[in-house]
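Participant: Attaching a single structure in structure tokens format; questions to follow.
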Amino acid sequence: MGAPANDIPSYPTLNEIAQDEALDALDPLRHLRNDDHDTFGGTHGELEADPVVPAQPRSIFDQTLHLSFSDTTQQNDHEITIALKVDASPGCGGIAWPAGEVLANYLALRGRQYIAGKTILELGSGTGLVGLVAGVLEGKVWITDQAPLLDIMRCNVKINQLQSSVSVSELNWGDPLPSDLPMPDLILAADCVYFEPAFPLLVQTLSDLATETTDILFCFKKRRKADKRFFALLKKKFSWTEIKDDPNRDVYSREAISLLMLSKRHLGTGPVHN
Ligand SMILES: C[S@@+](CC[C@H](N)C(=O)[O-])C[C@H]1O[C@@H](n2cnc3c(N)ncnc32)[C@H](O)[C@@H]1O
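For the sequence shown, counting from 1, position 31 maps to 12 in our numbering; every step adds exactly one.
Following this line, the structure appears as structure tokens:
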């Protein structure tokens, strides 16, 4: 695994931030494309060789993937298999992202003894993959995203026959929480740091949903310098530690993916140390 979040390199200059924001406004998804301009570091370092968009065909329309994860708490390494409809037409969330697979796999490793009976809410679920694995592990799960993704999430709940454990809700970061959403014991988020104008909205929603005892598993892929601005905002309300008990950590850290456990700060308890 790479350096802890507090070791990510120095902050970009105001000029760099302004340029990034202007480009974001013109093309919000530019960070998810495999171009040379904004990968983390900005020079021709090792990360620039990595594909930014997951290895799926550029044009994905109504395909079904079958993804397997090991639940080590079951005898014989019982596998969880999820049928996942992917479709890029409703937006970038309609395909399977590597950080989502990392987090889904980690949940399977932690198994039912960690998940079963917990109230779980996933942010920016996209296809719903992570929340579906939590549903198989007997969590009471809400998968959430913006309106265009709701149909694909509902379809994936149905084809995996998880209607009794996984609910689908619209949740736009930064908006007031819908009254039908529960306060969760566990919040999940994978690959939700990529669009700078949404950074404060995501921090706000995390803060609205969490108390100081809520677990938050946050899987993040470093892409560019501006990602540090997200952590600068996050640090005002949350502290975090890196998950170190995942045997796959060495593999995904080579792809600049980190899995963090966030904790909401008890405000008024002294200096911020992250
Ligand atoms: C890169 S995708 C990751 C999807 C999924 N978590 C995964 O790992 O496969 C980011 C997701 O965040 C969602 N998202 C982006 N901005 C959002 C916002 N303001 N409110 C709610 N969801 C948002 C997108 O719709 C998309 O599904």
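Note that the Cβ used here is the ideal one computed from N, Cα and C, for glycine as well.
What are the boundary residues of the alpha helix (DSSP H) that includes Val232?
Facilitator: Counting along the chain, the alpha helix (DSSP H) containing Val232 begins and ends at Arg230 to Ser234.
Participant: What residue does the alpha helix (DSSP H) around Ala89 start on, and which one ends it?
Facilitator: Residues Pro79 to Arg91.
Participant: Note down, in chain order, each residue of its chain lying with its Cβ closer than 6 Å to the Cβ of Asp208, except the 5 sequence neighbours on either side.
Facilitator: Excluding sequence neighbours, Asp208 sits near Val174.
Participant: Is any heavy atom of ligand 1 found at a distance shorter than 7 Å from the C-beta of Asn86?
Facilitator: False, no ligand heavy atom lies under 7 Å from that Cβ.
Participant: Taking the alpha-carbon of Asn137 as reference, which of Thr108, Trp123 and Pro165 has the nearest alpha-carbon?
Facilitator: If we check each option's Cα against that of Asn137, Thr108 comes out closest.
Participant: Roughly how many angstroms separate the alpha carbons of Gln144 and Ser106, rounded to a whole number?
Facilitator: About 16 Å.
Participant: Which residue from Asp226, Ile238, Asp231 and Glu236 puts its Cα closest to that of Leu88?
Facilitator: Considering only alpha carbons, the answer is Asp226.
Participant: Tell me which same chain residues have a C-beta within less than 8 Å of the C-beta of Glu151, skipping the five on either side of it?
Facilitator: Contacts found: Thr125, Asp126, Gln127, Ala128, Leu131 and Pro159.
Participant: Assign Met134 to one of two classes, buried (16 or more other C-beta atoms within 10 Å of its C-beta) or exposed (fewer than that).
Facilitator: Met134 should be labelled buried.
Participant: Could you round the C-beta distance between Phe176 and Arg210 to whole angstroms and report it? I think they count as a contact, below 8 Å.
Facilitator: About 12 Å separates the two Cβ atoms, so there is no contact after all.
Participant: Smallest Cα separation from Glu60: which of Pro163, Phe50 and Leu113?
Facilitator: Comparing Cα positions, the closest option is Phe50.
Participant: Whether or not the segment 187 to 195 and the segment 156 to 170 are in contact is what I'm after, with contact meaning three or more pairs of Cβ atoms, one per stretch, closer than 8 Å; do they touch?
Facilitator: Segments in contact, yes.
Participant: In the DSSP assignment, find the unbroken alpha helix (DSSP H) run with Ile133 in it and report its ends.
Facilitator: Unbroken alpha helix (DSSP H) run through Ile133: Leu131 to Ile140.
Participant: Give me, in chain order, the residues of the same chain whose beta-carbon lies closer than 7 Å to that of Lys260; leave out the 5 immediate sequence neighbours on both sides.
Facilitator: The first residue shown for the chain is -18 and the last is 255, placing residue 260 beyond what the model contains.
Participant: Look at the Cβ atom of Leu102, then the Cβ atom of Leu190, and state whether they are nearer than 8 Å.
Facilitator: Closer than 8 Å, so yes.
Participant: With DSSP run on the structure shown, which of helix, strand or coil describes Gln44?
Facilitator: DSSP places Gln44 in strand when its eight states are reduced to three.
Participant: So within the segment 101 to 125, which uninterrupted alpha helix (DSSP H) runs reach at least 4 residues, ignoring any that extend past its ends?
Facilitator: List check, alpha helix (DSSP H) in window: 110 to 117.
Participant: Over what stretch of residues does the beta strand (DSSP E) that includes Asp196 continue unbroken?
Facilitator: Start and end: Asp196 to Lys202.
Participant: Give me the Cα-Cα distance between Ser148 and Trp123, rounded to the nearest whole angstrom.
Facilitator: Computed Cα separation, rounded: 5 Å.
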